[in-house]
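Here my numbering = 1-based position in the sequence shown + 47. Notes for the one structure printed next.
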Amino acid sequence: MSHCALLARLEAKPGKEEQLEQFLRSALPLAEAEPGTRTWFALRFGPSSFGIYDTFDTEAGRQAHLDGPIAAALMARADDLLSQPPQIDRVDLLASKLPH
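This is the structure we're talking about:
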């Protein structure tokens, strides 16, 4: 079971909602290429609210993701796409149900 996770909340600038959605969709191949990232989900909470939820087996995997290409690309585009800095929370998983 994965024990480490990240929950990132992203608020799009007015008029940048679709660009942020496309950015998140385009990040999937990068997440798939990360051996330490167990699961990765791009989320839309509302009209301008988005998020990323991902899980890792180890703290090293979580840190590698934070130091990796998705985080770098997001930070490079943050001023253009986001109305505020992303809120990134490190969370610990207590239980999960995943397909076998």
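We treat Cβ as the ideally placed atom computed from N, Cα and C, and that holds for glycine.
Taking the straight line between their C-alpha atoms, what separation do you get for residue i and residue j?
i	j	result
ALA89	ILE99	5 Å
ALA80	HIS50	20 Å
HIS147	LEU54	23 Å
SER73	LEU121	11 Å
LEU145	THR102	12 Å
ARG124	GLN66	10 Å
Taking residue i as part of the beta strand (DSSP E), name the residues at either end of that continuous run.
i	result
GLY108	Looking at the DSSP string, GLY108 is not in any beta strand (DSSP E); the run it does join, the alpha helix (DSSP H), is 106 to 113.
SER96	96 to 103
LEU90	84 to 91
I'd like to know whether the C-beta atoms of residue i and residue j end up nearer to each other than 7 Å.
i	j	result
HIS112	THR84	yes
PRO116	LEU77	yes
GLU68	SER130	no
LEU140	ALA52	yes
What residues match up with residue i in a beta bridge as DSSP calls it?
i	result
GLN134	ARG56
For the alpha helix (DSSP H) containing residue i, name the first residue and the last one.
i	result
SER39	A question about residue 39 goes unanswered here, because the residues of the chain that appear run from 48 up to 147.
MET48	Per DSSP, MET48 belongs to no alpha helix (DSSP H) and is neither H nor E.
ALA80	Neither: ALA80 is in no alpha helix (DSSP H) and is coded neither H nor E.
Consider the C-beta atom of residue i and the heavy atoms of the ligand FAD; say whether any pair is separated by less than 6 Å.
i	result
LEU57	Inclusion of the ligand FAD in the displayed structure is not the case, the ligand content being empty and no account of it being possible.
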